Each structure stands twice: as C-alpha cells, then as structure tokens.
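Protein chains in written order, with this note's numbering: chain A, 1 to 250; chain B, 1 to 250.
There are 2 protein chains.
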Amino acid sequence: MGARVARGFGQYGGVARAVERVGERWALLIVRDLLAGARRYSDLKAGLPRIPTNILSDRLRELQDAGVVRRVPVVRGGYELTELGRALEPVVLALERWGWSTLGEPGDGEVLTADALAVSLRAAFQAEVAAAMPPTEYVLHVGETSVSALVAARTLDVMPIGSGAIPQPRARMAAAPVADVLELLVAPAAFRDLLTDASALRANALGDGPTVLVGGPALVDRFHRTFRIVTVGPAGEAAAGAGAGEASVA
Amino acid sequence: MGARVARGFGQYGGVARAVERVGERWALLIVRDLLAGARRYSDLKAGLPRIPTNILSDRLRELQDAGVVRRVPVVRGGYELTELGRALEPVVLALERWGWSTLGEPGDGEVLTADALAVSLRAAFQAEVAAAMPPTEYVLHVGETSVSALVAARTLDVMPIGSGAIPQPRARMAAAPVADVLELLVAPAAFRDLLTDASALRANALGDGPTVLVGGPALVDRFHRTFRIVTVGPAGEAAAGAGAGEASVA
DNA sequence: CGGGATCCCAAGCGATACTG
DNA sequence: CAGTATCGCTTGGGATCCCG
C-alpha cells in the first residue's frame, strides 16, 4: 500500500511545501486532467495511458490527503478538484507555457489527449486580444483528439468532442450567438508551431501545415492572435541581462 | 552514475514536458535558489541542507542537459540559470503562492533560507500597489535569516544580508533615494501570517507578532499592502485528512 | 578545503495479476 | 469498473571516500 508520508525537504517555504504536496511523479498530470472537470478513475487512466494503476490509486489518495482532490459524491470512482486544487491552475498553466519552449517533435508513442489540449489552449489564450473580437468557435482536430473552443469576449470555454467524461454542469455560454466558426485539422507538431511560431501561419501550404476545414484565412489569423505561447531560446544560450523591468534579486 | 534519461510520461504537451525536465525531486528548489542569482555548489548545498551531495550533483547535470542551468565560466563550482531557466520564474512564483495556502507552522528542523525568503517576497510583491508608494527599504529578520528588500516604483530588489554568495553584477537601483526604512523582526509562522492574513497586522501586540525595530505603524501598513499572498481553502490547516465541504463552482 | 564521485540500503516506481 | 496485492527494478538518501 502506497501513499506514504511525503518526504519533506526540510524547508519552510511555499515552493518546498507545494512540491511536497503535488510534486510526486504523475501528480500534476492528474491535476491537469481534473482541471478540465470531474473525471472517473477510468477516464484518468485513459488520459494517462502510461500510468500504472497502483500509482494512480496512490496519487489520488495522497491528493485527497493534501486536500487537493475529493471524490464526487454520487459518481462511482469520480474525482474532482477541491477549491485548493483549482487554485493550482496558475501553476499548471505556467508549466504548460514553459513546457512548450522545450517541446520538440512528438516522441515515440506519445499521445495528445483532449484534456491536455484544453490546457494548452487555456495557457495560450490571450484574453485582452480576444476581448476585441466577435464571438468565435474554434474546432480543432489535433492528431487523434478533437476539441471545441468557444471564445466570447474575454472568456474561453474548451470542451472535448466525443468524450465519455462525466457530464459537466458547466453551462456552455448559452446565449452567445456564434457567427464565426473555424475548423482546423493539424498534426501535433504543426499545432505547436501554430501556437508558438508566428511564421507558421504562412507555411500553410507545407505538407504538415494546418488544413482549414471550415472558415477562411481571416479566421486562421484570428486564431493565431487569440492563442499564443511565447517561447524562449531553445538552448537558452542567449546572452544574459536585457531583462525586462521586472523584480530582480541579488 | 546518475543523470539518467528522464522517464517520460508518454504525453505530448507542455505540462508533461516541463515536469520531465524540472519535476525531479529537488530540481525546482535548486532553480528557486538560482533564481536569486548565480550560486556555487557549496552555496546550493548550504541553502538545501537536506539534499544529498550526489543528488545535487545529478540534478545540476540534468538541469544542464535540459538547458536550464549552465556553469559560470570563471567561478569555480559556479552555476547560474540560462535564459530558459530564468523563464521558469512564473512557475516558481506560482508554486510559491500556492504553497503558502498549505503552509502551517514550521516543521521539525525546517529552515528558512535567504533565497527562499527572497522568492516569497517576489511572489507576494504587488507591483501596482507599490507603484503608488514612495521608495522604501524593508529590512526583514525572519528566524535566522535576514534580507533587505528595496521597493522603488514598481520594481522590487531583494538582497540577502550577510551572505557569501557570488557577487552579482546586478546594480542595486543606484540613484533611488530611500527615505523610508522599515526593519522587522518576526518568527517564520508570524511572517506567514503577515503575508497571508490581513488581521495579523493588528495582532501586533501578541507574543509571536512582528517586532518593529525601525519605522512606524504607517510603514508596517505599507509593507502589508505591498506584499501579500492570497490563500485559498483551509488556511493554515495542514493536510486536512477529511476534506471539509467546499463550494463547487460549476 | 571545496567539489564532487562511490557505495549500500531503503523507498518509490512500474508491470502484471488479482479481487470486490 | 475500481481499485488492491505482489514483485523486481530503479531512485533517492546518507555516509564515506577521492581529487584538485
């Protein structure tokens, strides 16, 4: 039986405590998937194909002990985030943004799930830019998975397509009249370029580029401005200094 | 020999890749300390008293392989973050903020280092609030460690006091004429209350409350508005086994 | 003396099998 | 479907040892 007491770091501080609570292997990926809504044990396992079942079981218990996750009352094997768990959203989104800087081509047998895609879109979402645009629905087919992202004003609502997840009460912005719909078919690596690289827009004719199923170039451009992740130097070899006017520590 | 190939999660996504790179035990604490500036091997070990030396060695090599850390050319045993590593700052600060929600009393033999304290202050820093205040220096003695935080306009500069770290070229905001100085002596747990709890300000007369060495109540109030971390969930409650019934937002 | 490498043991992880 | 039990392998922890 797992779920041992988290080995401490001997440090009194936020980072140390946070890593003690959610730093175990697989834990943040479970949180990432639960961030998209309540999930059953089998949903989590399906979204994390490589997780051993005992580890999933251990992590869920540890996350419950940490007050991050709780069981959904009625649903058998249902789990959801507590308020404390939902407060991890900035952490997960920050990790998502950073991770894209080091994301190359999809590796051997790597999957891209709907919940991961939803987090990517939320991490890339530019609320201020979106505020100036008319309501738009973006239907994305990335690799095997499909999601629908509804943007209205400065809000984003991502919903997996064709998933058997626990029905969410999340009212999809009901009364928003969506006039503009963009539907894209794109390979995972090209999706990365789409989110991170400004020039990917122009490379539309390339073999791996996005295929527009519904909508026109103007909507592709709108997507590109609404969803963007700024990456930093690949090898990080660039010169130091030149930091923006942020807090600095000596 | 350590520094094995990071075991993958089989996922193509930012969070998964990020956790593969910096999710190993101790790695983010090393990044946290390097965020305060270049450090020598012995500095890192001193700031992380419980880290085994072989693990520190392994992590530093792995972080170099990941492009997060590089050696400082001249300094023997010196390490610093690359640009990619510095891009982890939002991740570390988000973790720091979240961690304070679950931070109770200092545990058995837990230390609070100057680098950790610096990150706490940067995570709590309210730039917009500070912009409206005159330049101020805050000297904090929390437990055994002391730092000086210089706030001018919307910038924060934290400097450890009495540390033998590698001299940083970062010019401390030179020409800022600091008229107001607040010097506080406070226990770690009371420091937590100071950052997270609005009422702690009033509990000044309590035994564990902050002791004002230099400055007046107005400056304490200014500190309290300049540095703040908003916590969620069961504040100050450590690892509640039975999750209290929290509101579920749908 | 600081910066690391080596060893050994315990604990965590992963794959599979099994049960309510 | 939702986990638990078991077992071998890999990692982390702590002490020691080595090298410049």
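Just so you know, even glycine gets a beta-carbon here, dropped at the ideal spot from N, CA and C. Here the structure is a predicted model, which is why all the values come from computation and not from measurement.
Test: residue i CB closer than 8 angstroms to a CB of chain A
i      : result
B/E62  : no
B/E83  : yes
B/E110 : yes
B/L209 : This sequence places Gly at residue 209 of chain B; Leu is not what is there. So no, B/G209 is outside the interface.
B/R21  : yes
B/P135 : no
B/A251 : Residue coverage of chain B in this structure runs from 1 to 250, which leaves residue 251 of chain B outside it and unanswerable.
B/P52  : no
Local conformation of residue i per DSSP, three classes
i      : result
A/Q64  : helix
A/A94  : helix
A/G23  : coil
A/E110 : coil
B/R40  : strand
A/A130 : helix
B/G104 : coil
A/T271 : Any property of residue 271 of chain A remains undetermined from this structure, which presents chain A solely from 1 to 250.
A/R122 : helix
B/D115 : helix
B/A191 : Note on residue identity: the sequence assigns Phe, not Ala, to residue 191 of chain B. Reduced to three states, the DSSP call for B/F191 is helix.
B/D58  : helix
A/D180 : strand
B/R70  : strand
B/V232 : coil
Residues sharing a beta bridge with residue i, DSSP
i      : result
A/V220 : Looking at the DSSP assignment, A/V220 forms no beta bridge with any residue, so it has no partner.
B/A152 : B/T155
B/E89  : DSSP, once it has assigned bridges, lists no residue as partnering B/E89.
B/G78  : B/R40
B/E137 : B/L150 and B/V181
A/P52  : DSSP output for A/P52 lists no bridge partner at all.
Burial state of residue i (16 or more Cβ within 10 Å)
i      : result
A/D33  : buried
B/P160 : buried
A/V178 : exposed
B/S120 : buried
A/V230 : exposed
A/T82  : buried
A/V115 : Strictly speaking, residue 115 of chain A in this sequence is Asp, with Val absent from that position. Under this definition A/D115 is a buried residue.
B/E80  : buried
A/G107 : exposed
A/R7   : exposed
B/N204 : Residue confidence is low: B/N204 scores 48 on pLDDT, short of 50, so the model does not pin down where it sits. Its coordinate-derived value is still stated next. So B/N204 ends up on the exposed side.
A/S42  : exposed
B/V214 : exposed
A/V74  : exposed
A/P210 : buried
A/E96  : buried
A/G85  : buried
Residue-chain proximity (residue i, chain B), Cβ-Cβ < 8 angstroms
i      : result
A/F9   : yes
A/P188 : yes
A/A87  : yes
A/L140 : no
A/T155 : no
A/G78  : no
A/L29  : yes
Residue i: contacting residues in chain A (beta-carbon distance under 8 angstroms)
i     : result
B/E96 : G13, G14, V15 and A18
B/P90 : A94, R97 and W98
Contact set between residue i and chain A, taken where Cβ atoms lie within less than 9 angstroms
i      : result
B/P49  : G10 and Q11
B/P106 : Y12
Contacts that residue i makes with chain A (C-beta to C-beta distance below 7 angstroms)
i      : result
B/R251 : In the structure displayed, chain B extends from 1 to 250; residue 251 of chain B sits before or after that span and is not available.
B/P73  : Here the premise fails: no neighbours, minimum Cβ distance about 12 angstroms.
Under 7 angstroms by beta carbon: chain B residues contacting residue i
i      : result
A/A123 : G14
A/G233 : E83 and L84
A/P160 : Residues of chain B passing the Cβ test: none, with the nearest at roughly 14 angstroms.
A/S120 : G13 and G14
Listed by chain order, chain B residues near residue i by CB distance under 8 angstroms
i      : result
A/T102 : R17, A18, R21, A66, G67 and L84
Distance cut-off 7 angstroms: residue i Cβ against heavy atoms of the ligand SAH
i      : result
A/G209 : The ligand content of the structure shown is nil, which means the ligand SAH is not present either.
Closer than 9 angstroms at the beta carbon, the chain B residues around residue i
i      : result
A/G251 : Here chain A has residues from 1 to 250 only, and residue 251 of chain A is not among them.
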